[in-house]
Structures are given as structure tokens and as C-alpha cells.
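Note sheet for the following structure.
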């Protein structure tokens, strides 16, 4: 009987191996073709650019190595302010956005005013451009000259980014909360947990775990938008690049600043892709096990 079972199982295993082997080989050919076509495209674009009549002027204006070496230390030092703004704003955004999302998900007519307030807040700050919020708060709040109100442009830049990105991230949290099946709440309530305990110990842990990749995408955008604080006069990387450009009449400092932002955002983007792929594999494994 055991031998007969092995003979039955062997064709199935071989069939799966052939399917997987064909898929892998097909995928390898697709990747090779994609890489080859991309390489050819890049080479053609490079040839066209280098053979254009104005390439020498563009090269000296945007890609001057001497200007790059001279401006990079100052821009890198100013970039520390961008990182500082990003780290401080991110902490407050994670907390405030979760509060807004929870308020918006509260059921019942008793919590209608809180839900309405959360909806108005999210709609307003998602509708107003970030640079306008930064300009209005950065120039308007210090002009009030109220006692105890900070006048630091960096402070108001952080406040502006927190207000805007809290609105965006709260929607990400809300999507995660709503993705948790209602049976999870029903099961928790049947075990004697209160609504608050159910939200804290059952719903939010699942919701937050599901929305980590889109949260990282929002924070990639936040890292780039820290450059908008420079419109208030804060000397961050973009503003320092503008100062160096004005002094040298050369745009290479902007390229140096761009490289610093890319050096931060690309690792975050790849980490996000890795998290998405891991979550997909986990769900596929759970589906197979079920």
C-alpha cells in the first residue's frame, strides 16, 4: 500500500517540479530581456544627450566636479537638518494619525461629533498644498507675537509637516482598521473584552501590521518634503544648495543635494518593496495552509 501511495505521489511531485521549473526559466528569460532592453534604452539616451549641441554647456553647468567637491560638505552638513525634521515629525505623525483614525472609526451616534471633526481635519489638510501650509504657519504664527509662541521657522516647518502628513497617514491607518474582518471584533467581544480592549489588543495590532508598507511610502514623501521648510529661511540641504548656486552661478550644488535625498529614499523604497513581498509570501503561505 505504501509503495502504491508513493507511485501516486511521485507524478504529482514531478508535475509540480516541471511547472515550477518552467516558471523559473520563463521568469529568467523575462528578466534578461527586460534588463537588456533597459540597458539598450539607457545607452541610446546617453548617446543622444552626449551628442547634442548643448551638452558641453549643460555638463559644465550641472556636472562640474570641482563645484561638486566644494559644495558637498556644506550641503551634507545642512542635510542633517532635513534628517532631524524628518525624525521628529515622523514620531508625532505616527501617534496623531492613529488617534485621528481611531476617532473616525468610532461607531454610534454619540461619537458623531468626533468622527465629523476627524473627517473635516483629514479633508482640509489633504486638500491644501503642503507648501501653502508651511508658508501660512511659518510666516503667520510668529507674526502674531503672542507670548509663549515659538518663532523658530524650523519649529513651524515641523508643525506644518505634522499637520499635513497626519491627515494622509490617518487614512492609511483607517484603511488598515477597516481591513480587519468584523468577526475578529465579534470573537473578542464574545470572550468578554470591552470595545476599547478589543480595539487595543485585537484590531489595531493587525491593522498596523498590514499598513506598514504604505506608511513607509508616505514617509519617503515626508523625507523629500522636508526641503519645503527651506522656503521659511531654514538652511537645510536645498536652501544651502541655492546659496551655493547663487555664489558660483552653477547648478551643480542642486545635483549634490538631490544625491543626498536619493541616498535616503532609495533604501527606504527597497525596504518597502521587501516588506510588501514578505507580506505577500506570508498570505500565500497562509492560504495554502488553509
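In the numbering used here, the protein residues as written are 37 to 326. From the three backbone atoms N, C-alpha and C, an ideal C-beta is built for every residue, glycine too.
- Under the criterion of beta carbons closer than 8 angstroms, residue 162 and residue 209 do not qualify as touching, at roughly 14 angstroms.
- In the three-state reduction of the DSSP assignment, residue 90 falls in the coil class, being assigned neither a helical nor a strand state.
- Annotation: the continuous alpha helix (DSSP H) that includes residue 250 extends over 248 to 261.
- Runs of the alpha helix (DSSP H) lying entirely within the region 169 to 216 and spanning at least 4 residues, in chain order: 189 to 215.
- Sorting 91, 256, 237 by C-alpha distance to the C-alpha of residue 298 places 256 at the top.
- For the 8 angstroms CB-CB criterion, residue 260 and residue 288 do not form a contact.
- Nearest to residue 238 by alpha-carbon distance, out of 249, 252, 214, is 214.
- A distance below 8 angstroms separates the beta carbons of residue 104 and residue 292.
- A distance below 8 angstroms between beta-carbons, with the five flanking residues on each side excluded, links residue 166 to the following residues of its chain, in chain order: 196, 197, 200, 261, 264.
- Within the region 103 to 177, the runs of alpha helix (DSSP H) that reach at least 4 residues and sit entirely inside it are, in chain order, 148 to 163.
- In the structure shown, residue 287 falls within a coil segment according to DSSP collapsed to helix, strand and coil.
- In this structure, residue 249 places its C-beta atom within 8 angstroms of the C-beta atom of residue 311.
- Leaving aside the five residues that flank residue 97 on each side, the residues in its chain whose CB is nearer than 7 angstroms to its CB run, in chain order, 286, 287.
- In terms of CA proximity to residue 193, 177 leads the group 306, 177, 217, 181.
- With contacts defined by Cβ atoms closer than 8 angstroms, residue 139 and residue 154 form a contacting pair.
- In this structure, DSSP gives residue 228 a state outside helix and strand, which the three-state scheme calls coil.
- A direct Cα-to-Cα measurement between residue 219 and residue 134 gives close to 22 angstroms.
- In the structure shown, residue 274 adopts helical secondary structure according to DSSP, grouped into three states.
- The C-alpha of residue 115 lies about 30 angstroms from the C-alpha of residue 91.
- Taking 8 angstroms as the cut-off, the beta carbon of residue 136 is found no closer than this to the beta carbon of residue 74.
- Rounded to whole angstroms, the separation of the alpha carbons of residue 95 and residue 86 is 9 angstroms.
- One thing to note: residue 308 has its Cβ within 8 angstroms of the Cβ of residue 252.
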